[in-house]
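**Student:** Sequences listed follow chains A and B, in order. The working numbering applies: residue 53 is where the first sequence begins, and numbers increase by one. The working numbering applies: residue 22 is where the second sequence begins, and numbers increase by one. A virtual CB, placed ideally from N, CA and C, is assigned to each residue, including glycine. One structure, pasted below without further comment.
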Amino acid sequence: MIDHKDLRPKDLGNPDQQLIKLQELMPLAAPYDKPGMEPDFKEIKDSWKEKYCASLDGFVGIDTLIRPKSKEEEEEFVGKFLNGLEKIFSDANNGVLQPLLLSFEYCAKCNTCSEACHTFAASGKNELYRPIFRSEVLRKIAKKYFTTSGKFFGSLVGADIDVNWETVARLGELAYRCNLCRRCAQTCPLGLDNSILAKEIRKIFSQEMGIAPNPLHEKGSMLQLKTGSSTGITKPAFLDTLEFLEEDIEEKYGRKIKFPLDKKGADILLLHNAGEFMAWPENPIAFAILFEEAGLDWTLSSEMMGYDNVNYGLWYDDTQAKKIALQQMRVAQELGVNRIVIGECGHAHKASAIVADRMAAAEGKIPVESCLPILWDMVRTNRLKLDPGKNNFPVTLHDPCNVVRQMGIVQPQRNILKAICTRFREMTPHGVDNYCCGGGSGFAIMNHCNFSDFRNKVSARMKFKQILGAFQDTMENSEVPKYVCAPCSNCKGTIRDILEYYQASAKFNVHFGGLVELMVNALVSMEKPFLEFLE
Amino acid sequence: MADLNVNGQVIALDEDGFLEDAGVWNEEVALALAATEDVSELTEDHWKVINYLRNYYEQFGVAPMIRKLCKETGYDLKKIYELFPSGPAKGACKIAGLLKPTGCV
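Printed below as a string of structure tokens:
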């Protein structure tokens, strides 16, 4: 193992020993600043090392990246990668070619980006996780194979990396140590974006080598294309779910609500992350209560691809992303709605409103909007009768990167919280300067081998520290319930896991949920609390 | 996770201990899976949950919502955790032979 301070990009080509081992992590805030407050990393198993690539940092993120059985397999693996690498710099990659080339060629190595990266900070500033470290490896490989100087002069011109199975596999793993949150891109004085390079590596692995984490591809995109949802919810299961929830709403809250379904010509098609129905049905219930109370003309869709807004392709594969985006758009076209509104799911915001926009043909394109300005509009125009006194406990807000940094939707969610809570406080920093929850770009649902340790202890560490910071006044008073509002399914899953991992719910009464749940809890017309922890 | 050995038959499990192939499930496999979850015996209460999960899975190809599981079996979440210490998804669904949950859940 190498002391991380001496680690250089060319070390990725060293034979198969684990490059670094994480030790001194960034300290957490009180009461987690004392020893014994957090679990240790799970021991890595020999069987994982033998089967997968655990030689980067001792974590396994890609469960389909299997060690080769022969020299031929190794050569084929490296060859396919190099072939794919050459391709990303060609016109075939026109969607991203210009920003990719800028980020690839113009980095001044000033390291401003390192200071912005939550994973680099959380790791105790480990060299491996500098945003530019990964980019430098990629540059060295490209230099070695695709430039005249690199081919002839090798290490004299910086093309000093040995490219074998281990190098490429480690680089693939390293592409899954970045949440693609783009906080680094926001601080770069030249406007360069290291996350593009991480994403391009993931793309080469998926599109050219057929390697992507199972939860994202096989059990994600492919399952969605087959059943209509990455959760595996089929149309009959979806209909059964809605019917059950309608009964449940009546029994629990005494309200008769019928989810509008496949309503042709409705103003709004509301697209939820289907994971909400499985894990947090109170979220789609809350949307229904609010939309009905505000008198919106809206509908859900029960058509294939019409009841799950996720698009995991965004994180690793352009062709999968496009297939899903176009099918989702077609559902809205066939319903003849005025607009698609994306529920509380960050990456679906980006996928549908930004990425799909460039993928869909101009004719028949349906406008895509975020739910947040619409929700604020309901509050602002007094269409909902709200009593902030019902949310009389500390609340903080997690900003999903795709909503704030990618789309600039910053104020509506805070305006709402200020109107419906008595004890709202911001995290530091927040808004477009927010930190990723640590689950972005697929991490939230990648739990293979020991990967959840990397998420809980490293990539989500900064978020946990921010949560502790926001609640410092009452953190250790377990009588006071505290609520982390995270209007994104993916962020919610990550925050649920960290609260469980650090036992923050059990010990300190910290809860989490979306924004609409808090809004419904504040509704004057609700007789009982909507939030279960208040019961 | 190590594979299961049930009466000499090797049953493949994924890294989290879920069945790789839902088709190999039977009551003996359930007992063997229960042992991996620190559930030493399967009582009538356990079977009520397992049977409900399996019937739903057979009909819809996916696990039911936890709310629905509680309502249909008449057991609240606390009781489910008593029966299956790892909870409804990681414990009950696993022993019932359902595949690992997918998507943003």
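Hey, quick one: how far does the alpha helix (DSSP H) through Phe290/A stretch, first residue to last?
**Tutor:** From DSSP, the alpha helix (DSSP H) with Phe290/A extends over 287–305.
**Student:** Is it true that the stretch 542–557 of chain A meets the stretch 23–31 of chain B, where meeting means three or more beta-carbon pairs spaced less than 8 angstroms apart?
**Tutor:** Short answer: they don't touch.
**Student:** Any Cβ of chain A within less than 7 angstroms of the Cβ of Glu93/B?
**Tutor:** So, not an interface residue.
**Student:** Between the stretch 124–139 of chain A and the stretch 340–358 of chain A, can you find at least three pairs of beta-carbon atoms closer than 8 angstroms?
**Tutor:** The answer is no - the stretch 124–139 of chain A does not touch the stretch 340–358 of chain A, with fewer than three Cβ pairs under 8 angstroms.
**Student:** Alpha carbon to alpha carbon, how far is Leu436/A from Ala400/A?
**Tutor:** C-alpha separation (whole angstroms): 26 angstroms.
**Student:** Which residues in the same chain as Asp212/A place their Cβ atom closer than 6 angstroms to its Cβ, once the five residues preceding and following it in sequence are excluded?
**Tutor:** Excluding positions up to five away in sequence, the list reads Lys62.
**Student:** Touch check for the stretch 335–351 of chain A and the stretch 413–422 of chain A: three-plus C-beta pairs under 8 angstroms?
**Tutor:** No, because fewer than three Cβ pairs between the stretch 335–351 of chain A and the stretch 413–422 of chain A fall closer than 8 angstroms, the two stretches do not touch.
**Student:** Which word fits Val86/B, buried or exposed, when buried means at least 16 other C-beta atoms lie within 10 angstroms of its C-beta?
**Tutor:** Per the sequence shown, residue 86/B should be read as Met rather than Val. That one is buried.
**Student:** Any C-beta of chain A sitting closer than 7 angstroms to the C-beta of Glu36/B?
**Tutor:** Output row for Glu36/B: interface = yes.
**Student:** Kindly confirm or deny that the stretch 259–272 of chain A and the stretch 113–121 of chain A touch, where touching means at least three C-beta pairs closer than 8 angstroms.
**Tutor:** Touching, yes.
**Student:** Please classify Arg410/A: is it buried, with 16 or more other beta-carbons within 10 angstroms of its beta-carbon, or exposed?
**Tutor:** Flag for Arg410/A reads exposed.
**Student:** Return the CA-CA distance between Gly491/A and Ile519/A, expressed in angstroms with no decimal places.
**Tutor:** Whole-angstrom Cα-Cα distance: 15 angstroms.
**Student:** Are there 16 or more other CB atoms within 10 angstroms of the CB of Thr448/A, so buried, or fewer, so exposed?
**Tutor:** When all chains shown are included, Thr448/A counts as buried.
**Student:** Looking only at DSSP bridge pairs, what is Gly565/A linked to?
**Tutor:** Cys537/A.
**Student:** Quick one: complete alpha helix (DSSP H) runs, 4+ long, within the stretch 317–379 of chain A?
**Tutor:** Runs found: 327–331, 334–345.
**Student:** For a test of the three-state rule: what should DSSP assign to Arg457/A, helix, strand or coil?
**Tutor:** Of the three classes helix, strand and coil, the one that applies to Arg457/A here is coil, per DSSP.
**Student:** Any beta carbon of chain A sitting closer than 7 angstroms to that of Thr57/B?
**Tutor:** No - not a single Cβ of chain A is within 7 angstroms of the one on Thr57/B.
**Student:** Between the C-alpha atoms of Val362/A and Gly124/B, what's the straight-line distance to the nearest angstrom?
**Tutor:** One C-alpha to the other measures close to 9 angstroms.
**Student:** Is it right to say Asp97/B is buried, meaning 16 or more other beta carbons lie within 10 angstroms of its own, or is it exposed?
**Tutor:** Exposed, since its Cβ has fewer than 16 Cβ neighbours within 10 Å.
**Student:** In the stretch 99–126 of chain B, which residues sit with their C-beta less than 9 angstroms from some C-beta in chain A, listed in chain order?
**Tutor:** Within the stretch 99–126 of chain B, the residues whose Cβ lies closer than 9 angstroms to some Cβ of chain A are Ala110, Leu120, Lys121, Pro122, Thr123, Gly124, Cys125, Val126, listed in chain order.
**Student:** In chain order, what residues of the same chain have a beta carbon less than 7 angstroms from the beta carbon of Met89/A, not counting five sequence neighbours either side?
**Tutor:** For Met89/A, where only same-chain residues beyond five positions count, the Cβ hits under 7 angstroms are Pro83.
**Student:** Within 10 Å of its beta-carbon, does Asp245/A have 16 or more other beta-carbons around it, so buried, or fewer, so exposed?
**Tutor:** Flag for Asp245/A reads buried.
**Student:** Going by C-alpha distance, which of Ala55/B, Lys92/B, Ile71/B, Val83/B is nearest Thr286/A?
**Tutor:** Checking every option, the nearest Cα to that of Thr286/A belongs to Val83/B.
**Student:** Alpha carbon to alpha carbon, what distance is there between Gly38/B and Cys488/A?
**Tutor:** Approximately 30 angstroms between the Cα atoms of the pair.
**Student:** Helix, strand or coil for Asn26/B? Go by DSSP, reduced to three states.
**Tutor:** The answer is strand: DSSP assigns Asn26/B an E or B state.
**Student:** Classify Cys162/A as buried or exposed, calling it buried when 16 or more other Cβ atoms lie within 10 Å of its own Cβ.
**Tutor:** Burial call: exposed.
**Student:** Can Val572/A and His450/A be called in contact, C-beta distance under 7 angstroms?
**Tutor:** It is not a contact, given that the beta carbons lie outside the stated cut-off.
**Student:** Just to check my reading of the structure: Phe129/A and Pro120/A have Cβ atoms closer than 8 angstroms, yes? What is that Cβ distance to the nearest angstrom?
**Tutor:** Right, the Cβ-Cβ distance comes to about 6 angstroms (below 8 angstroms), so this counts as a contact.
**Student:** Between Glu252/A and Ile140/A, is the Cβ-Cβ spacing less than 7 angstroms?
**Tutor:** Yes, the pair counts as a contact, with Cβ atoms nearer than the cut-off.
**Student:** From what residue to what residue does the beta strand (DSSP E) around Arg391/A run?
**Tutor:** It spans 391–394 - the beta strand (DSSP E) in which Arg391/A sits, taken as one unbroken run.
**Student:** Hey, Leu291/A and Ser354/A: beta-carbon distance below 7 angstroms or not?
**Tutor:** Yes. Within cutoff.
**Student:** With three or more beta-carbon pairs closer than 8 angstroms as the criterion, would you say the stretch 183–191 of chain A touches the stretch 166–174 of chain A?
**Tutor:** Enough Cβ pairs lie closer than 8 angstroms, so yes.
**Student:** Of all the options Asp42/B, Leu104/B, Thr94/B, Asp24/B, which has the alpha carbon lying nearest to the alpha carbon of Asn76/B?
**Tutor:** It is Thr94/B whose Cα lies nearest to the Cα of Asn76/B.
**Student:** Using a Cβ-Cβ cut-off of 6 angstroms (strictly less than) and excluding sequence neighbours within five positions of Ala408/A, which residues of its own chain qualify?
**Tutor:** Within the same chain, Ala408/A has close Cβ partners Ala377.
**Student:** Does any residue of chain A bring its CB to less than 7 angstroms from the CB of Phe39/B?
**Tutor:** Not closer than 7 angstroms to any Cβ of chain A, the Cβ of Phe39/B fails to qualify, so no.
**Student:** Report back the beta-carbon spacing between Leu342/A and Val568/A to the nearest angstrom; my notes put them in contact at under 8 angstroms.
**Tutor:** Right, the Cβ-Cβ distance comes to about 6 angstroms (below 8 angstroms), so this counts as a contact.
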